[in-house]
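Residues in the sequence shown are numbered consecutively from 1310, following the numbering used here.
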Amino acid sequence: MRIAGGIIAIIAGLLAVGAAIFTLGIGGLGSALEAEGSDTILYLGYGGIFFSFATVVFASIALGLRDRRWPGFALVACAVLGAVLGGTFVAIFMVLTFIGGLLAVIGTVPPRNQGSERTLPRHEEFGAGDYEGGTEGSGGDEKVCPQCAETVKSAAQICRFCGYSFAGGGSLDGPSQSRMRNALLAGGVAVAALAVGGAVVAASNGFDPAQADENLMVGDPANEAIGSALEVSASELYQAYSENEQAAQMRYGNRPLIVSGRIESIELDAVDEPMVILSAGDTFETVTLHFGSTHSSETAALKKAQLFTARCSSIEEIMGFPQLSGCAPFAAGAKSQGTNDEASLRDTDLVDGGDYIDPSEDDVDGQHFTDKGLELIGEWEAAMQGCDYAAELTPQIEAACDKLPWLTREMEKEGICVVPVPDSDASMIDFCM
1310 MRIAGGIIAI IAGLLAVGAA IFTLGIGGLG SALEAEGSDT ILYLGYGGIF
1360 FSFATVVFAS IALGLRDRRW PGFALVACAV LGAVLGGTFV AIFMVLTFIG
1410 GLLAVIGTVP PRNQGSERTL PRHEEFGAGD YEGGTEGSGG DEKVCPQCAE
1460 TVKSAAQICR FCGYSFAGGG SLDGPSQSRM RNALLAGGVA VAALAVGGAV
1510 VAASNGFDPA QADENLMVGD PANEAIGSAL EVSASELYQA YSENEQAAQM
1560 RYGNRPLIVS GRIESIELDA VDEPMVILSA GDTFETVTLH FGSTHSSETA
1610 ALKKAQLFTA RCSSIEEIMG FPQLSGCAPF AAGAKSQGTN DEASLRDTDL
1660 VDGGDYIDPS EDDVDGQHFT DKGLELIGEW EAAMQGCDYA AELTPQIEAA
1710 CDKLPWLTRE MEKEGICVVP VPDSDASMID FCM
């Protein structure tokens, strides 16, 4: 069994090396495509390489040492840790490694107690004759154990070398019980290795039992208050990470974020999960939001150039571009006007209670009609804050529009919304063409 276990473990280890290399390839491709979770896949690939090579080494040692159990225990530990820390593909072959390790442990022949061996002649050198299950030596006061061939006193009822019972004709602690003990020890090693692997995974993911329930809610705006998240625009995020990644990560990386911006494109990542890319300024300045498959239907309804807001649980920078994970759609507004320099907006008049809409047709480049607090600047003038605020205002604008039953769907399609002005009896028309 020991030899069979060693051979099985060597074959499994070599196959696991190939699986680990394949895992590294997937992780590398995901990193190149800036896919969510690609770093984790790379770590699993490295873990698979380590434990696969360790499996081959310990299996070779197990084949060479017929009376040592520790290589088998090491194979069991490698199998469990490799399955936990090596990824799915490696785990398939680590099952074979586990079986090989068990066979190596159970099939190991324990060394004899050299300190208690007698140097008396073997039973072949004595005269023949059975004595209570043993072969009587020529001296008359000694006999040979039929199980281990060691010489013991004639009056002995149990062999002191192997535990054979002369009276019962069997062993009290023979190879079968020794193998059972080996199997139990191997099981204990497997449980301990599984506990260590679980602890390593939990520590690498920053698991905190006290926060477990809260973490289940991350990324779902329906289950968590907006006030616990930080609102920020895509352009602000990109600018912050461009200037100082460390400072930006300290500011934005330890809290949920509500991110708003104009949709540059809607795509699928390496595992076919949706991601929304927001424009953050120039053509190649973008922020990517990663969504799980549970939000596929919502992201499928989005359109390019639409104002979009999402709530995300974490952020990191990959190859110079902010990447947000654990995202859930928060709000989708009308199409954006573009950048401040390209914006073609209309002047508006304040109307009493929203009874009529009468915008002028004059184009005003770079203007926006409200500031971040939806407050007026001047008696009849709109705030000159720029189009970038349009995305951040989307949730408030939509909420205000929902309270105005007279607003027709045709107006919504055109991006026209009448927004109540705080501390005023008037309303203000906002255009997002």
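The beta-carbon is built from N, C-alpha and C at its ideal position, and this holds for glycine as well.
If you're wondering where the values come from, they're calculated on a predicted model, not measured in any experiment.
Residue nearest to VAL1596 in terms of C-alpha spacing, selected from MET1584, LYS1462, ALA1413, TYR1473: Within the sequence shown, residue 1596 is the residue found at index 287, counting from 1. Per the Cα distances, MET1584.
ALA1328 versus GLY1357 - alpha carbon distance: To locate residue 1328, count along the sequence shown from 1; it is residue 19. To locate residue 1357, count along the sequence shown from 1; it is residue 48. For ALA1328 and GLY1357, the distance between alpha carbons rounds to 8 Å.
The beta strand (DSSP E) enclosing SER1623, as first and last residue numbers: Along the sequence shown, read from residue 1 onward, the residue named residue 1623 stands at position 314. Secondary structure note for SER1623: its beta strand (DSSP E) is the uninterrupted segment 1623-1627.
Residues near LEU1333 in its chain [Cβ-Cβ closer than 6 Å; skip 5 each side]: Translated into the one-based positions of the sequence shown, residue 1333 becomes position 24. Only GLY1354 meet the Cβ criterion.
Span of the beta strand (DSSP E) around GLY1570: Your numbering for residue 1570 matches position 261 in the sequence shown. Per DSSP, GLY1570 belongs to the beta strand (DSSP E) from 1566-1577.
Chain-order list of residues whose beta-carbon lies under 8 Å from that of LEU1577 (same chain, five-residue window excluded): As a working note, residue 1577 is residue 268 in the sequence shown. Short of 8 Å from the beta carbon of LEU1577, and not among the five residues preceding or following it, lie these beta carbons of its own chain, in chain order: PRO1583, MET1584.
Extent of the continuous alpha helix (DSSP H) to which MET1584 belongs: Reading the sequence shown from its first residue, position 275 is the one you call residue 1584. Not the alpha helix (DSSP H): MET1584 falls in the beta strand (DSSP E), residues 1583-1588.
Range of the contiguous beta strand (DSSP E) that encloses PHE1830: Here the chain covers residues 1310 to 1742 and nothing more, so residue 1830 does not appear.
Start and end residues, beta strand (DSSP E) containing GLU1540: If you number the sequence shown from 1, residue 1540 lands on position 231. Taken as a continuous stretch (DSSP letters only), the beta strand (DSSP E) holding GLU1540 covers 1539-1542.
Boundaries of the alpha helix (DSSP H) in which VAL1399 is found, first to last residue: Stepping through the sequence shown from its first residue, residue 1399 is reached at position 90. That run of the alpha helix (DSSP H) goes 1397-1415.
Reduced DSSP category for ALA1341 - H, G, I as helix; E, B as strand; rest coil: As a working mapping, residue 1341 is identified with position 32 in the sequence shown. Helix at ALA1341.
Within-7 Å CB hit, PHE1407 to chain B: No chain B appears in this structure, which consists of one protein chain only.
Cβ distance (whole Å) where ALA1610 is taken to contact VAL1568 below 8 Å: Within the sequence shown, numbered from 1, the residue matching residue 1610 stands at position 301. Within the sequence shown, numbered from 1, the residue matching residue 1568 stands at position 259. Going by Cβ atoms, the distance from ALA1610 to VAL1568 rounds to 18 Å, so no, they are not a contact pair.
Cβ neighbours of ILE1312 in the same chain (closer than 7 Å, five flanking residues each side left out): Start at 1 with the first residue of the sequence shown, and residue 1312 comes out as number 3. So the list reads LEU1372, once near-sequence residues are dropped.
Run of the alpha helix (DSSP H) containing THR1603, from where it starts to where it stops: Your numbering for residue 1603 matches position 294 in the sequence shown. THR1603 -> no alpha helix (DSSP H), and no H or E assigned at all.
First and last residue of the uninterrupted alpha helix (DSSP H) at VAL1364: Along the sequence shown, read from residue 1 onward, the residue named residue 1364 stands at position 55. Note that residue 1364 is Thr in the sequence shown here, rather than Val. Its alpha helix (DSSP H) spans residues 1347-1373.
Neighbourhood of TYR1550 by C-beta, 6 Å cutoff - its chain only, sequence neighbours within 5 removed: Mapped onto the sequence shown, residue 1550 falls at position 241. In the same chain as TYR1550, and ignoring 5 residues on each side of it, the C-beta atoms closer than 6 Å to its own belong to ALA1557, GLU1626, PRO1631, in chain order.
Run of the alpha helix (DSSP H) containing GLU1554, from where it starts to where it stops: By 1-based counting over the sequence shown, the position of residue 1554 is 245. Element bounds for GLU1554: 1554-1561.
With 16 other Cβ atoms within 10 Å as the buried cut-off, status of VAL1414: Here residue 1414 refers to the residue found at position 105 of the sequence shown. It is buried - the Cβ of VAL1414 has at least 16 other Cβ atoms within 10 Å.
Where ALA1321 falls, given that 16 or more other Cβ within 10 Å makes a residue buried: As a first step, residue 1321 must be located in the sequence shown, where it is residue number 12. Its Cβ being crowded by 16 or more others within 10 Å, ALA1321 is buried.
Per-residue DSSP class, three states only, for GLN1456: Here residue 1456 is taken as the residue at index 147 of the sequence shown, counted from 1. Residue state, collapsed to three classes: coil.
Simplified DSSP state of GLN1632, which is helix, strand or coil: Position 323 of the sequence shown, counting from 1, holds the residue named residue 1632. In the structure shown, GLN1632 sits in a strand (DSSP, three-state: E or B).
CYS1710 in three-state terms, based on DSSP: Taking the first residue of the sequence shown as position 1, residue 1710 is located at position 401. Residue placement at CYS1710 is flagged as unreliable, the pLDDT there being 47, under the threshold of 50; a coordinate-derived value is accordingly withheld.
Sub-7 Å separation of LEU1566 and LEU1598 beta-carbons: Mapped onto the sequence shown, residue 1566 falls at position 257. Mapped onto the sequence shown, residue 1598 falls at position 289. For the pair LEU1566 and LEU1598, the CB atoms are not nearer than the 7 Å cut-off.
Coarse secondary structure for PHE1639, derived from DSSP in three states: Here residue 1639 corresponds to residue number 330 of the sequence shown, with the count starting at 1. Residue state, collapsed to three classes: strand.
Neighbour-count burial assignment, ARG1564, 16 or more Cβ in a 10 Å radius: If you number the sequence shown from 1, residue 1564 lands on position 255. Under this definition ARG1564 is an exposed residue.
Closest Cα partner of THR1603 within the set THR1592, CYS1636, SER1623: One-based indexing of the sequence shown puts residue 1603 at position 294. Comparing Cα positions, the closest option is CYS1636.
Length of the line joining the Cα atoms of ILE1350 and GLY1339: Against the sequence shown, residue 1350 aligns to sequence position 41. Against the sequence shown, residue 1339 aligns to sequence position 30. Answer to the nearest angstrom: the Cα atoms are 8 Å apart.
Distance, THR1592 Cα to TYR1698 Cα: Translated into the one-based positions of the sequence shown, residue 1698 becomes position 389. Translated into the one-based positions of the sequence shown, residue 1592 becomes position 283. Confidence in TYR1698 is poor, its pLDDT being 31 and thus under 50, which makes the residue's placement unreliable; the coordinate value appears in the next sentence. Computed Cα separation, rounded: 19 Å.
Cβ-based burial, GLN1555 [other Cβ within 10 Å; buried from 16]: Position 246 of the sequence shown holds residue 1555. Exposed: under 16 other Cβ atoms inside 10 Å.
Straight-line gap, ALA1388 to PHE1331 (C-alpha atoms, nearest Å): Here residue 1388 is taken as the residue at index 79 of the sequence shown, counted from 1. Here residue 1331 is taken as the residue at index 22 of the sequence shown, counted from 1. Cα to Cα, ALA1388 sits roughly 18 Å from PHE1331.
Euclidean distance between Cα positions of ALA1538 and GLU1545: Stepping through the sequence shown from its first residue, residue 1538 is reached at position 229. Stepping through the sequence shown from its first residue, residue 1545 is reached at position 236. When rounded, the distance between both Cα atoms is 16 Å.
Outcome for SER1606 when other beta-carbon atoms lying within 10 angstroms are tallied against a minimum of 16: Mapped onto the sequence shown, residue 1606 falls at position 297. When all chains shown are included, SER1606 counts as exposed.
Classification of GLU1743 by the beta-carbon crowding that lies within 10 angstroms, buried from 16 upward: This structure cannot speak to residue 1743, because the chain is shown only from 1310 to 1742.
Buried or exposed (CB count within 10 angstroms, at least 16 for buried), GLY1629: To locate residue 1629, count along the sequence shown from 1; it is residue 320. With fewer than 16 other Cβ atoms within 10 Å, it is exposed.
6 Å Cβ shell around ALA1392 - same chain, five flanking residues per side excluded: For this step, residue 1392 is matched to residue 83 along the sequence shown. Excluding positions up to five away in sequence, the list reads ALA1400, MET1403.
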